[in-house]
Every structure is written in C-alpha cells, then in structure tokens.
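Following: one structure in structure tokens, then a few remarks.
Number of protein chains: 2
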Amino acid sequence: MRYFIHFAYDGTAYCGWQVQPGVPTVQAVLDKALGQVLRQPVHTVGSGRTDTGVHASHQVAHFEAELPLGLTLELLRYRLNRALPPDVQVLRVHEVGSHDHARFSAEARTYEYFVSLRPDPFRRDQALYLDRAPDVAAMNEAASYLVGQYDFTAFSKVKGGENHYVCYLYEAGWHDDPRQPDGLVFRIRANRFVRGMVRLVVGTLLDVGRGKLTPAEFQQVLYRQQRIAASGAAPAKGLYLSRVEYAAGIVPNELGFVDPAHPA
Amino acid sequence: MRYFIHFAYDGTAYCGWQVQPGVPTVQAVLDKALGQVLRQPVHTVGSGRTDTGVHASHQVAHFEAELPLGLTLELLRYRLNRALPPDVQVLRVHEVGSHDHARFSAEARTYEYFVSLRPDPFRRDQALYLDRAPDVAAMNEAASYLVGQYDFTAFSKVKGGENHYVCYLYEAGWHDDPRQPDGLVFRIRANRFVRGMVRLVVGTLLDVGRGKLTPAEFQQVLYRQQRIAASGAAPAKGLYLSRVEYAAGIVPNELGFVDPAHPA
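Order-wise, the sequence lines are chains A and B.
With full-length UniProt numbering, letter number 70 in the first sequence gets 70, and the count goes up by one each step, no holes.
With full-length UniProt numbering, letter number 188 in the second sequence gets 188, and the count goes up by one each step, no holes.
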C-alpha cells in the first residue's frame, strides 16, 4: 500500500530535507523511524526539498509499506512520534492510491517567512529579527508584481539547475502575524518554486522595505530576469514550508485533523 | 543611579536565574553583558528566582551603575542585546528611585504554564505535550479552590526553606492559548510564591485533568497542608514567569513599550 505522511520539523539541526551521506537530514530520520516502527526498509518521497535550516510546519511525503496486522494509522502516528526526535513530528498518516505522488500530484505549495520586530528569545532560530520596522506597504506593492505567470530566473539560486524558471504565483504578500505581537509573515503560494526562490524574493523585498529599492525597481528585477547583486537571500531560519495542496480526494478531510499552519 | 531592567529568556540552556559557581545561569550572562557594555562591574538583583529550564517572557531586575555620558537607555538596550546570547534579550531599561527594589517592591507575580495538545517541533522545549486532552472544567474547578489566602505547604518543594507558606492568590485558571491552536495555558497570579509551587500545582491539576484526583480531593490536599506523593511537579519546560507588577509610578508606561506577555 502507498501512504501519505504529513509532518512538521524544526530545520535548525538538519542539512535540509533530502538524504545526503554523512550529514543529518529530515528524510534520513523519518525513513529510520518508519523502518523501526514498521520493521521493514522504508524510503519516503517528499513533496519537495527544503534547504539547511529551513523549517516545515506542514510537509508531505509518500512511502510504500505493508502495515502489520492490527496497526492502525493512529497507532502508527503515535509510535512514529515516540521513535522520532522531538524536532520532527508526524501530524497524520493516511492511505492513498498507488499513483498518488507526494511531489508530482502536488498542485500548489505555500511558504511562509516570519519576521520578528523585537528580539525574541523563544524564536531565535525560527524568525528573522529586524531592528527597524520595514515599509510594509512598499513591500506589498512590490510583491503584487510577482502574482501571475513569470520567469523567476532573477530569483533563482543556481542557473541551470532546473528545466525552466516559469512559476505561476497565486499569492504573495506581507501580513501581521496573528500569533505574534510585533511579528510579520510573508505568505507566497505557487504551483512550483525554483531553488532558493523564496529566500531571494524575501531578501529583495526586505530591501524594498528598507528603502534601498523602489517597488518599480523590484518589478524591473523580475522583468529583466537578472538577479541584482546587492540583494541577498533572507536567512533560512525565518522560512517555513507551510502547506502542500493536492487534487481533491487524495487527502481526505477526516475528523480530528487540524492543519497547524491553517487552523479552521 | 538605580535602574530596572526588563528582559525575557529561554531557560532551556540555563541552571535557572541565580548565579551559581561553575554553571550557566541567566543572571551570570546578564551581569556579564551589563559589565561589558557599561565598562564597570554590575550586579543585578532579580524579582525572584526561576529554576533550571524555566523560562521568562518578562522578568525584572534592578542594578546600580553610572551610565557613560551620551549613552541613552535605548542605545543601552540595543548594545546589551548585541552583547547577550540570543536566548536572553532585554525588553527595556528605565531609571527608578534609589529605594525601588526588583524583589521587595514587587506586589504581584504571574506565571504561565503552557500545554500543547499536539506534538509541536517548534515548542519542544517550551511547552508540555499531552497526548490526551485533559478535563479542563475539572481542572478549573480544582484551581478555583486556590484563589484567596492559603497555606501552600502542600505545594512547596522544600519544607523549611521559607519563613512561611502563606500566599494570596488573585487568579488561577486554565484557558485556551490564544496564540496556539491545540494549546492550553494555565495562568496563576499571586502576591508571592513558595519554591516549586507552580510546577507542583500544575502537576496536581493535571492529575485532576486525567481523572486521577477529583476537584474535592485536590481541595483536601490544600487544606491538609500535605503534599500527596502521587502527584509530581510538572516539567520545567512549560513554565514561564510572565509578569512582575510594581506599585504605581515605579515602572513608567512609556510609549513604545509593549509587554510581550500582555500586549495591549
């Protein structure tokens, strides 16, 4: 049988999602825990990679396994969370069809970037602290130019690593963080992302927020398809993969499942 | 001159607030940062201790120092936060009268205890995870018996360490955590607390929430002034000192100061 596994992780201690020899990765600890609990080798396929230090409030992967008789999915979740380190925890496991694929069946992904406007000991690895409040209106004017179908070469980390750089953005904007006083969150939702895209978009938007770049100049960066040297990537610690959306029916809306990133 | 310093810390890496030789404490790093920035030996006096692993979203201390000419209090705060580790950060510094005392002038203290009802990788050291939702109504019935003036010998860690065990509780109750879906927070406000009191109260209330103890039995624990062996202290990681209140006038309500534990 094939299963989807939904999980969250604090990426601080990991060299990203994907298994790499000799370094700790989220996929490695998840595969190991699944192997221990199911007593068979398990290899997960993620919805996409996250880089070193990037978090996920909601990531999805699929795997194939034979569940031992009597092991319910709720019990599997419970045992996995006991087998996993506390910085990687499973939200839910459910059965899918044999062709449902965590990566290829995903129709949209959402990332959130968290900024704290006061030094917060409790979010020191989980949000970017800014000493001065940025100009949110200017950042949102600039962000609005990203919505639609564009070539994101200007906001790609490695030229040549992808087949193409065209992404369709459904949403890109800054909001007050409903959970944190003195907090901001940038939410960006697209059919796909190219490597390093969100951190480069955020880093350049923060330059708009600081007045180093006008919203019109930001738009020119996108149109010219040329990365500007001045603006760097925003630090990994503020970035969260927060939602992966699939075609209707793949992820059943069962009672008792609360998406922590998007509570009802 | 004498100053009050307001600050927050993640207590995970510290052996509590108070300086002890050979172990990391919050007071030690704060005194060191003050000494570095002010270029003179500084010794802070805290509003009270916190134990190993206990956090503070808002703690207060006083110190005496001569501020170098031209060093504003806002600049002092900025420099202190650069000198401090990211898990201890200053919220505010202000001048007080020469007899205002962080400990003896405090009229009330508030602690909060955070419980998470789902495994949350981002709060693994900052909240207690409970696998099953406790009976909040029963816990609140039990907690209501604490409000008023009582001898808290039953909820004291070390018999004999205090002059007396009488505390006046203004508030004790469980609430939905406004910042966390699937989160609970217990808030307790009193004129004073005896050692280990909040964690023992929370541990015993959680036994009421699990059905191990009735609210009436909880009340008997308080009245008999005898600790029950069965109920232990709740883990330190969920506990936060969240507010210290002083007589009117000691802490001026200056513009720009937001109490992170109690935003307006």
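From the three backbone atoms N, C-alpha and C, an ideal C-beta is built for every residue, glycine too.
Let me make sure I understand the geometry here. Which of B:Gly211, B:Val194, B:Met1 has the alpha-carbon closest to that of Asp100 (chain B)?
Taking the first residue of the second sequence as 1, we reach residue 100 (chain B) at position 100. Closest option to Asp100 (chain B), Cα to Cα, is B:Met1.
Just list the beta strand (DSSP E) runs in the stretch 105 to 185 of chain A, keeping only unbroken ones of 3 residues or longer that don't cross its boundaries, in chain order.
Qualifying beta strand (DSSP E) stretches, in chain order: 106 to 116, 148 to 151, 166 to 176.
For Arg124 (chain B), which residues in chain A fall below 7 Å Cβ to Cβ?
Along the second sequence, read from residue 1 onward, the residue named residue 124 (chain B) stands at position 124. Per Cβ cutoff of 7 Å: Pro86, Asp87.
Do the stretch 43 to 58 of chain A and the stretch 100 to 112 of chain A touch if we need at least three Cβ pairs shorter than 8 Å?
Taking a cut-off of 8 Å on C-beta distances, the stretch 43 to 58 of chain A touches the stretch 100 to 112 of chain A, as three or more cross pairs fall below it.
Within the 8 Å Cβ cut-off, does Asp10 (chain A) reach chain B?
Position 10 of the first sequence, counted from the first residue, corresponds to residue 10 (chain A). It does: the Cβ of Asp10 (chain A) has a partner Cβ on chain B nearer than 8 Å.
Alpha-carbon spacing of Val185 (chain B) relative to Asp176 (chain B), whole angstroms:
In the second sequence, residue 185 (chain B) corresponds to position 185, counting from 1. In the second sequence, residue 176 (chain B) corresponds to position 176, counting from 1. Rounded to whole angstroms, Val185 (chain B) to Asp176 (chain B) spans 6 Å at the Cα level.
Please report the distance separating the alpha-carbon of Pro41 (chain B) from that of Gly35 (chain B).
As a first step, residue 41 (chain B) is located in the second sequence; it is residue number 41 there, counting from the start. As a first step, residue 35 (chain B) is located in the second sequence; it is residue number 35 there, counting from the start. Whole-angstrom Cα-Cα distance: 5 Å.
Can you give me the C-alpha to C-alpha distance between Asp151 (chain A) and Ile250 (chain B), rounded to a whole angstrom?
Residue 151 (chain A) sits at position 151 when you count from the first residue of the first sequence. Residue 250 (chain B) sits at position 250 when you count from the first residue of the second sequence. The straight-line gap from Cα to Cα measures roughly 58 Å.
Arg179 (chain A) versus chain B: which residues are under 7 Å apart at the beta carbon?
In the first sequence, residue 179 (chain A) corresponds to position 179, counting from 1. Neighbours of Arg179 (chain A) on chain B, chain order: Arg179.
If the cut is a Cβ gap below 7 Å, which residues of chain A does Pro119 (chain B) touch?
In the second sequence, the residue the question calls residue 119 (chain B) occupies position 119. Per Cβ cutoff of 7 Å: Asn81, Gln89.
Under a Cβ-count criterion, where at least 16 other Cβ atoms within 10 Å of its own Cβ denotes burial, should Ala137 (chain B) be classed as buried or exposed?
Walking along the second sequence from the start, residue 137 (chain B) turns up at place 137. The residue is exposed, with fewer than 16 neighbouring Cβ atoms inside 10 Å.
Excluding the five sequence neighbours on either side, which residues of its own chain have a C-beta within less than 6 Å of the C-beta of Tyr170 (chain B), listed in chain order?
On the second sequence, residue 170 (chain B) is found 170 positions in, with the first residue counted as 1. Arg189.
Return yes when the Cβ of Thr72 (chain B) is within less than 8 Å of the Cβ of Ala61 (chain B), no when it is not.
For the purposes of this step, residue 61 (chain B) is taken as residue 61 along the second sequence, with counting starting at 1. For the purposes of this step, residue 72 (chain B) is taken as residue 72 along the second sequence, with counting starting at 1. Going by C-beta atoms, Ala61 (chain B) is not nearer than 8 Å to Thr72 (chain B).
CB-CB under 6 Å to Tyr113 (chain A), same chain, minus the five flanking residues each way: which ones, in chain order?
As a working mapping, residue 113 (chain A) is identified with position 113 in the first sequence. The residues are Phe186, Val202, Gly238, Leu239.
Give me the Cα-Cα distance between Arg77 (chain A) and Gln89 (chain A), rounded to the nearest whole angstrom.
As a position in the first sequence, residue 77 (chain A) is number 77, starting the count at 1. As a position in the first sequence, residue 89 (chain A) is number 89, starting the count at 1. So the alpha carbons of these two residues sit roughly 9 Å apart.
Buried/exposed call for Leu69 (chain A), threshold 16 Cβ in 10 Å:
The residue given as residue 69 (chain A) occupies position 69 in the first sequence. Exposed, since its Cβ has fewer than 16 Cβ neighbours within 10 Å.
Of the listed residues A:Tyr145, A:Leu38, A:Ala236, A:Arg109, nearest to Val221 (chain A) (C-alpha basis)
The residue you call residue 221 (chain A) lines up with position 221 of the first sequence. When each option's Cα is compared against that of Val221 (chain A), the closest is A:Tyr145.
Tell me, which residues are paired with Gln59 (chain B) by DSSP?
Indexing the second sequence from 1 puts residue 59 (chain B) at position 59. Per DSSP, B:Phe7.
Note the first and the last residue of the continuous beta strand (DSSP E) segment covering residue 318 (chain A).
Absent from the structure is residue 318 (chain A), since the part of chain A shown begins at 1 and ends at 264.
Is it the case that the Cβ atoms of Arg124 (chain A) and Pro86 (chain B) are separated by a distance below 8 Å?
Within the first sequence, the letter at position 124 stands for residue 124 (chain A). Within the second sequence, the letter at position 86 stands for residue 86 (chain B). With a cutoff of 8 Å on beta-carbon distance, Arg124 (chain A) and Pro86 (chain B) are scored as near each other.
Identify which residue in A:Gly97, A:Arg79, A:Pro215, A:Pro181 has its Cα closest to the Cα of Ala247 (chain A).
Position 247 of the first sequence holds residue 247 (chain A). Comparing Cα-Cα distances from Ala247 (chain A) to each of A:Gly97, A:Arg79, A:Pro215, A:Pro181, the minimum goes to A:Gly97.
For His43 (chain B), write down the residues that DSSP places opposite it in a beta bridge.
To locate residue 43 (chain B), count along the second sequence from 1; it is residue 43. None, per the DSSP bridge assignment.
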